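I have placed the structure first, in the form of structure tokens, so that the comments after it can refer back to it.
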Amino acid sequence: MATYLIKRLILLVPTLFGIILLNFIIVQFAPGGPVENTIAKLQGIAVQSTERVSGSNIDSMQNQIQNLSSETLYVGAHGLDPEIIKEIEKMYGFDKPPHVRFIGMVKNYLFFDFGNSFFQDKKVIDLIKDKLPVSISLGLWTTLLVYLISIPLGISKAVRDGEKFDVWSSALVIAGNAIPSFLFAILLIIIFAGGRYLDLFPLRGIVSDDWSELSNLKKIGDYLWHITLPIISLVIGGFAGLTMLTKNSFLDQINQHYVITARAKGLKEKKILYGHIFRNAMLIVIAGFPNAFIGILFTGALLTEVIFSLDGLGLLGFESAINRDYPVMFATLYIFTLFGLLMNILGDLIITLIDPRIDFETR
């Protein structure tokens, strides 16, 4: 297993490099950018991504595009005097050829040096450190509760396949799968967060403003009080797929010949279920754990972070992409990818712990 882990860790480097390179190339051809945004602000026509652009603004922007200087190295720079554009390019580092910028970025990323944000006047690593606790809280609690609910429910549905319990629980699973988690979040706000009926839970932040002044016990209570509704909305929207995966995995194993043989030998159903079926059926469930965790941690909670005003890493990455804040955008991509690759390796380790017969090294 040690040799297999070494190989996977070695392959992690070119995989991470390839993903960053591909996205870097795509960004070079994407419209807009920090230079263009700065030019628009200097000309007084900058608009937010969520605002409507009038027809006159569109015509003005098209005229600027036609006046683009051919001397600039940055394809997103439009209008203004070429000398001013060059100064703006230099400020953001776009005065250098793309390959030089990419090589410098990769060298810095090896030491987790992500530079400074273009628009927030902060180091990118500090921004990530500020947002990471929120995303980790949402991801860990949601993943833990989803697995604690889905696995027992999926096993119960498999054992009682076709019975009333299976039918009624399937209706709940279908509803959870059909309705997005952000709609559940809005419903919870309306009912429990002062939207219309009750006002039991806070609507903003992950802790109260005076959290640092509270006692340790009250800090825990305040933290749980704030994350209750976001976690409930994510769990309701995320348990359906894992429940059906668990059920189908157990159903597939229940019909295997070794189960029939075990029953013929007089073994009790619980002994067969948890002593023989469980280990084999859980392999596919465990194999999906890394992707489930990464999905919840970095992408699944994006709208939930917006709705509940939770300033997490997913929201940071989304806003940086919209605003073309490239240092933040590539740093979050780097972190997401690195976490994802490491979690896949961890998933392989968990599989070998559950079933020692599986040996990735010999394969």
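Here the sequence shown is numbered in my numbering, starting from 3 and rising by one per residue. Every residue, glycine too, gets a C-beta built ideally from N, C-alpha and C. Predicted, not measured: the structure shown is a model, and the values here were computed from it.
Give the straight-line distance between the Cα atoms of residue i and residue j, rounded to the nearest whole angstrom.
| i | j | result |
| --- | --- | --- |
| L18 | F104 | 14 angstroms |
| A177 | G156 | 16 angstroms |
| K166 | G239 | 23 angstroms |
| Y260 | L348 | 29 angstroms |
| F280 | I193 | 39 angstroms |
| M331 | A180 | 31 angstroms |
| S183 | F310 | 12 angstroms |
| N325 | L146 | 33 angstroms |
| D168 | A160 | 8 angstroms |
| T334 | K109 | 16 angstroms |
| K273 | R265 | 10 angstroms |
| N59 | F121 | Residue confidence is low: N59 scores 41 on pLDDT, short of 50, so the model does not pin down where it sits. No coordinate-derived value is stated. |
| L305 | D211 | 23 angstroms |
| F26 | V102 | 12 angstroms |
| I234 | Y111 | 36 angstroms |
| V15 | H278 | 38 angstroms |
| K220 | I8 | 45 angstroms |
| Y249 | L351 | Checking the sequence shown, residue 249 turns out to be Lys, not Tyr. Rounded to whole angstroms, K249 to L351 spans 23 angstroms at the Cα level. |
| S354 | D97 | With the sequence shown as reference, residue 354 is identified as Thr, and Ser is not the correct amino acid for it. So the alpha carbons of these two residues sit roughly 51 angstroms apart. |
| N118 | I138 | 23 angstroms |
| E85 | F116 | 28 angstroms |
| S152 | K92 | 53 angstroms |
| T263 | S251 | 19 angstroms |
Using the DSSP secondary-structure output, state which residues sit across from residue i in a beta bridge.
| i | result |
| --- | --- |
| D201 | A195 |
| N367 | Absent from the structure is residue 367, since the part of the chain shown begins at 3 and ends at 365. |
Give the range of the alpha helix (DSSP H) segment to which residue i is assigned.
| i | result |
| --- | --- |
| L269 | Counting along the chain, L269 falls outside any alpha helix (DSSP H), and DSSP gives it neither H nor E. |
| S322 | 315-325 |
| F310 | First-last for F310: undefined, no H or E at that position. |
| I286 | 280-289 |
Where does residue i sit, in a helix, a strand or coil, going by DSSP?
| i | result |
| --- | --- |
| L174 | helix |
| M3 | coil |
| P84 | helix |
| A32 | coil |
| P182 | coil |
| K109 | helix |
| I208 | coil |
| Q255 | helix |
| G349 | helix |
| D97 | coil |
| I360 | coil |
| D132 | helix |
| L142 | helix |
| R103 | helix |
| R162 | coil |
| L226 | helix |
| L11 | helix |
| L147 | helix |
| S214 | helix |
Leaving out five residues on either side along the sequence, give the residues of the same chain with a beta carbon under 6 angstroms from the beta carbon of residue i.
| i | result |
| --- | --- |
| Q30 | P100 |
| V107 | Correcting the residue identity first, residue 107 is Met in this sequence and not Val. Cβ neighbours of M107 beyond the five flanking positions: none. |
| N282 | Q255 |
| I222 | none |
| G342 | I296 |
| P36 | Y94, F120, R326 |
Considering only residues of the same chain and omitting the five flanking positions on each side of residue i, which have a CB-CB separation below 8 angstroms?
| i | result |
| --- | --- |
| V136 | I208, E307, L312, D313, G314, L315 |
| A195 | D201, L202, F203, P204, L205, L231 |
| R198 | I192 |
| F114 | I127 |
| L23 | F104 |
| Y336 | L18, I22, Y111, F116 |
Considering only residues of the same chain and omitting the five flanking positions on each side of residue i, which have a CB-CB separation below 7 angstroms?
| i | result |
| --- | --- |
| D163 | L253 |
| K318 | What sits at residue 318 in the sequence shown is Leu, not Lys. The residues are L129, K133, V330, T334. |
| S217 | none |
| S171 | L155, K159 |
| V148 | V237, G240, F241, L244 |
| N346 | P292 |
| T339 | L18, I21 |
| W213 | K221, D224 |
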